[in-house]
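In mature numbering (1 follows the signal peptide of the UniProt record, and there is no 0), the protein residues as written are -21 to -1, 1 to 178.
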């Protein structure tokens, strides 16, 4: 996906005033349990493996992760992007958020892309993305949303890694189902999360 299109789709996260009404449509359904994204839970008990309907759930607390001084372009390695077609060219720093890293992907459509970075607190993300849902990523609350724009399925995940910051991941693939993009984004998100030090 082109940089402009990613910025336009991530804009509700980055700039609350930018509206995307008419640019895409919401994707119904919930992320399924995989290596990371799971329906939220209110206790520290076993995680459910099916979606929880109704209000977003609160996940169990995990140790905050460090983000200060972490290079967002070091959060994803070539092996992490291999299943997505691999990185095409050099990553671009400062996109789609100031503390972000943007990768064009090879092996697919011309503007397939993935991005990772650090963003606003989870509560702000949720307020700016009312169409999303809260899930659990290895004990961290995660706000997840998908939209379609010009044939590109774009999904975002904002993982509450500490009270004042989220780990943001974005994946855009053309002519690809929401389930496929969600599962691939899950793998990217978990890989990036594992590279963050414990605060």
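A virtual CB, placed ideally from N, CA and C, is assigned to each residue, including glycine.
The secondary-structure analysis by DSSP pairs residue 80 across a beta bridge with 72, 95. Judged by beta-carbon spacing, residue 132 lies beyond the 8 Å limit of residue 122, meaning their Cβ atoms are not closer than that value.
The stretch 72 to 83 makes no contact with the stretch 101 to 117; the number of CB pairs closer than 8 Å stays below 3. Residue 77 is classed as exposed because its beta carbon has fewer than 16 other beta carbons within 10 Å across all chains shown.
Uninterrupted beta strand (DSSP E) stretches at least 3 residues long and entirely within the stretch 91 to 166 occur at 92 to 98, 112 to 116, 119 to 128, 131 to 141, 144 to 153, given in chain order.
The C-beta of residue 177 has fewer than 16 other C-beta atoms within 10 Å across all chains shown, which makes the residue exposed. The closest CA to that of residue 137, considering only 148, 54, 130, 45, is found on 148. Residue 145 is not a Cβ neighbour of residue 93, given a cutoff of 8 Å.
8 Å or more divides the Cβ of residue 160 from the Cβ of residue 172. The criterion of a C-beta distance shorter than 8 Å is satisfied by residue 100 and residue 142. Residue 102 is classed as exposed because its beta carbon has fewer than 16 other beta carbons within 10 Å across all chains shown.
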